[in-house]
Amino acid sequence: MITETKGKRYTKDSLVMNDIRITQVSRNKKSIAEWRYAHRAAESATNPDRTRLYDIYDDILLDGHLSGIIDKRISAVLNKRLHYLDAGGERIDGMDAIISSAPFRHVLRLIIEAKLWGLSGIEFLPGSRLQVAAIPRKHIKPERGIISYQQNDAGEGFSYHNEPSLFIVDNGDLGLLLRCAPYVIYKRDAMADWANYIECFGQPVRVIKYDAYDEQTRIELKQVLEESGSSLALMIPKQADFEMKDGKWSNGDGRLQAGFKKALDDELSVLVLGNTETTSNSGTGSQAKSMVHLSQQQELTRADIVYATNILNDERMHTILRSYDLPVTEGGRFTFGQELDTEHLRERIAIDKEVAAIVPVSNDYFYDTYGIPRPSQPDAPTRPLTHAHIPASPLTTAHNIAPAQELSVLQRILKRIGLK
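Numbering (this note's numbering), first residue to last: 3 to 422.
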């Protein structure tokens, strides 16, 4: 367990949260001008300060679409199978309970969130059981390598580099939310304008005309309008020329606002997920289009998995986990279980069968590629797969290609599968 620390800052009973002063998130109305100002402040060469920018990040995460697609991206990693292997590649079952625990999943979430914010800070709390706390990002000053006592402190704080209980994930940038912020700000303003439009013109407008010289009639009509509801009502003299420009001729059904909102949501989906069709239906797509978009999202998930694996296998992370007496061995590593994409494998197996009919292919390749369990006998032979081991495919029979034909291996493969 973590009890040893440098100096007197960290003892068994002291935590980072006890030493820093937390300030409430600014919930003032955000604008593009404020986002630009915060961006420049965060990139300042002399006194970089991410405080304003992170306040904007906190605020835009209240957007339903953005928070939804972010949760979708993070969940794609959290829901994958994660194991710990020793130096020999054998799975250590004793780590499974820790990996599936809430504190470890919190660590994994903070690691992925570093791609959104640019950094994450994790404090591993003293004790015999794994417990963690997120360090407020506004207090982490990566340019100086310190955690500041107050979020706006320029240089007052303590270094986190040599603290054994702290782990900082720093991407060296301002995170993906920097690019998401303007779209959410535009969307909020557009939604406010849309709500105002609906309030003004969502109900019928009552127009009553009266004779300008008949005061008694005007008074009576006014009373009628006041007692007949709260929708928009107009009283004008018959002698007056009145015309209302409400935009209904060009935008009577609200398509202008709805189209603008959808465009902004699509931009957010592309930024976070790499596509639009896995979160909504455009109405003009097909299953093939959706599969292409799904493939793009899976590529991002694979990249996130590689990223998370590299962080989890950092030597400092292993040292911290060993301090809790966990079976983290020298040379061991965290690894995600293979997730099979059946659509991709359906296409791949047709090619693999043709390849195996031409050149020897090891059994290990098929076990690893298709996630097939190996035989229980440890001394089961692993022989190269030749043409005799693979049933003749319809493609081979159809093309009637002799093995001795003078073609390169690639040409023969392509010809067998109908690509050349």
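Backbone N, C-alpha and C define an ideal beta-carbon position, used for all residues, glycine too.
Predicted, not measured: the structure shown is a model, and the values here were computed from it.
For P239, the three-state secondary structure derived from DSSP is strand.
For E125, DSSP records a beta bridge to A135, L168.
Per DSSP, reduced to three states, the secondary structure at T311 is helical.
Taking a 10 Å sphere around the C-beta of Q153, we find 16 or more other C-beta atoms and assign the residue as buried. For I113, the uninterrupted alpha helix (DSSP H) segment begins and ends at 104-119.
Beta-bridge annotation (DSSP): K211 is paired with I238. The beta carbons of S102 and L132 sit no closer together than 8 Å.
Taking C-beta atoms as the reference points, I58 and K32 count as a pair closer than 8 Å. A straight-line Cα-Cα distance of about 24 Å links T303 and K264. When the alpha-carbon of I200 is set against those of I170, A260, S161, T53, the nearest one is in A260. In the DSSP assignment, R220 falls outside any beta strand (DSSP E) and lies within the alpha helix (DSSP H) extending over 217-229. For the pair L180 and P144, the CB atoms are not nearer than the 8 Å cut-off.
Secondary structure note for G66: its alpha helix (DSSP H) is the uninterrupted segment 66-80.
By the neighbour-count criterion, in which 16 or more other beta carbons inside 10 Å mark a residue as buried, G90 falls on the exposed side. Per DSSP, reduced to three states, the secondary structure at G261 is helical. When the five nearest sequence neighbours on each side are left out, no beta carbon in the same chain lies closer than 8 Å to the beta carbon of D243. Of the residues assessed, K355 falls on the buried side of the cut-off, its CB having 16 or more other CB atoms within 10 angstroms. With three or more CB-CB distances shorter than 8 Å, the region 159-171 counts as touching the region 123-143. Of all alpha-carbon atoms in G276, P105, I210, D65, the one lying nearest the alpha-carbon of Q241 is that of I210. The alpha carbon of H108 has as its nearest neighbour, out of L314, I351, T219, the alpha carbon of L314. Of the residues A305, T311, G276, the one whose Cα lies closest to the Cα of Q298 is G276. Membership of H85 in the beta strand (DSSP E) is indicated by the continuous run 84-87.
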